[in-house]
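Chemist:
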Amino acid sequence: MSDSIDKEKTQGETENERSTARIDTKILIKLQNVVKDFEIGEFIVRAIDNINLEIQEGEFLVIKGPSGAGKTTLLNLIGGLDTPTKGDIYSFGVLISDMNQESLTIFRLMNSGFVFQNYNLISTLTAEENVMFPISLVGESLSEQRSIAISLLKKVGLAERREHLPFQLSAGEQQRVAIARALANNPPIILADEPTANLDKTTSAFIRDLFDEIKEMGKTIIIATHDKYLLELADRIIDFQDGKITNETHQSEN
Ligand SMILES: Nc1ncnc2c1ncn2[C@@H]1O[C@H](COP(=O)(O)OP(=O)(O)O)[C@@H](O)[C@H]1O
Ligand SMILES: [Mg+2]
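The numbering used here runs 4 ahead of the 1-based position in the sequence shown.
In structure tokens, the structure reads:
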């Protein structure tokens, strides 16, 4: 799907513009002087405080920091679930921080898969239907939706659980369904907000292996976490506090 966007973008561009675009594709996401304020009554909480950040294509980035640091807000901004108070956010060279809700919805559907701390599965849909749902939104046929969902549920080791409703699945199984759902439209970016926070060690290790596979697929991964297993996989770890980046560590062996 991102291929077709790229094709559309390159049509009609001059040779010069196209070579510039190619250089730019190395940096997938760019935040420039980004601020996010939340107003609560007469108080203003500055959740993101003038952040500048570039994320490379294929990078595995971990954001860690205490509760209230602004990690979730940052993920929401990067994924286009929220818009900044000030500053610019580019994804694939497109200024997403200025997009209207309708364009953002389409952009999200094609470009980013979300994995949440509490899985956020639709409780009345089976595992298979949960994975089919985002595929149905891009207009694929029912048989195509089903075949993609089955292959993704196989990938996360849950093929035999596909008829189960979320309440019939363990926490770890629900998170695996949520990961399959995040991959449903084969998005180039995967965002995950403390995906193993509510899981035991064994299940966390399984989820870690899944993210390792997702990394091998060449996807750009941004995870808010403190999980030592996930930290091991990171190319870069960003420490976040009071809406600011306080430290950055590169792990070159990854
Ligand atoms: N929707 C919201 N309305 C008001 N304040 C919010 C909202 N979302 C986050 N905040 C505030 O922004 C700050 C950062 O929150 P958050 O991004 O959830 O941090 P983290 O994920 O690191 O725990 C906190 O002070 C939080 O209370
Ligand atoms: Mg959070």
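For every residue, glycine included, the Cβ atom is placed at its ideal position computed from N, Cα and C.
For a quick check, are the C-beta atoms of N189 and L129 less than 8 Å apart?
Modeler: For N189 and L129, no; Cβs fall outside 8 Å.
Chemist: For S6, which residues in the same chain have their Cβ closer than 7 Å to its Cβ, ignoring the five residues on either side in sequence?
Modeler: Residue placement at S6 cannot be trusted, given a pLDDT of 45 that sits under 50; what the coordinates show is reported in the next sentence. Closer than 7 Å at Cβ, skipping near neighbours: M114, N115, P192.
Chemist: From K34 to E58, what distance separates their C-alpha atoms?
Modeler: Cα to Cα, K34 sits roughly 4 Å from E58.
Chemist: Give every residue of the same chain whose Cβ lies closer than 8 Å to the Cβ of Y273, excluding the five residues on either side of it in the sequence, and list them in chain order.
Modeler: Past the edges of the chain, shown from 5 to 258, lies residue 273, and the structure says nothing about it.
Chemist: Is it the case that the CB of F42 approaches a heavy atom of ligand 1 more closely than 7 Å?
Modeler: F42 Cβ: within cutoff of ligand 1.
Chemist: When you measure from the CB of T76 to every non-hydrogen atom of ligand 2, does any distance come out below 7 Å?
Modeler: Under cutoff, so the answer is yes.
Chemist: Report the residue from S107, A238, Q36 whose alpha carbon sits nearest the alpha carbon of D213.
Modeler: Comparing Cα-Cα distances from D213 to each of S107, A238, Q36, the minimum goes to A238.
Chemist: For the alpha helix (DSSP H) holding N115, just list the boundary residues, first then last.
Modeler: Looking at the DSSP string, the run of the alpha helix (DSSP H) that includes N115 is 105-115.
Chemist: Is the segment 249-258 touching the segment 101-112 in the sense that three or more CB pairs, one from each, lie closer than 8 Å?
Modeler: No, the segment 101-112 is not in contact with the segment 249-258.
Chemist: Give the single residue among K30, F42, F64 whose Cα lies nearest to the Cα of E236.
Modeler: For the residues K30, F42, F64, the minimum Cα distance to E236 belongs to F64.
Chemist: Measuring alpha carbon to alpha carbon, tell me which residue in A73, D86, K219, N134 is nearest D243.
Modeler: Nearest C-alpha to D243: A73.
Chemist: Distance, Cα to Cα, L2 vs G117?
Modeler: Only positions 5 to 258 of the chain appear in this structure, which leaves residue 2 out of reach.
Chemist: Take T224 as the anchor and find which of I211, L141, F120, A196 has the nearest alpha-carbon.
Modeler: T224 has its Cα closest to that of A196, out of I211, L141, F120, A196.
Chemist: Does DSSP put Q149 in a helix, in a strand, or in coil?
Modeler: It is helical.
Chemist: Do Q36 and D86 have their CB atoms nearer than 8 Å?
Modeler: No. Outside cutoff.
Chemist: Shortest alpha-carbon distance to F120 belongs to which of R185, T109, A209?
Modeler: Looking at the Cα atoms, R185 is the closest of the given residues.
Chemist: Since D216 is in the alpha helix (DSSP H), which residue starts that stretch and which ends it?
Modeler: Taken as a continuous stretch (DSSP letters only), the alpha helix (DSSP H) holding D216 covers 205-220.
Chemist: Apart from the five residues on each side of it in sequence, which residues of its chain come closer than 8 Å, Cβ to Cβ, to L99?
Modeler: The answer, listed in chain order, is D92, I93.
Chemist: Any idea what DSSP makes of A25, helix, strand or coil?
Modeler: Any reading at A25 must be qualified, since the residue scores a pLDDT of 44, below 50, and its modelled position is unreliable; no value is offered.
Chemist: Quick check on Y123: does DSSP put it in helix, strand or coil?
Modeler: In the structure shown, Y123 sits in coil (DSSP, three-state: anything other than H, G, I, E or B).
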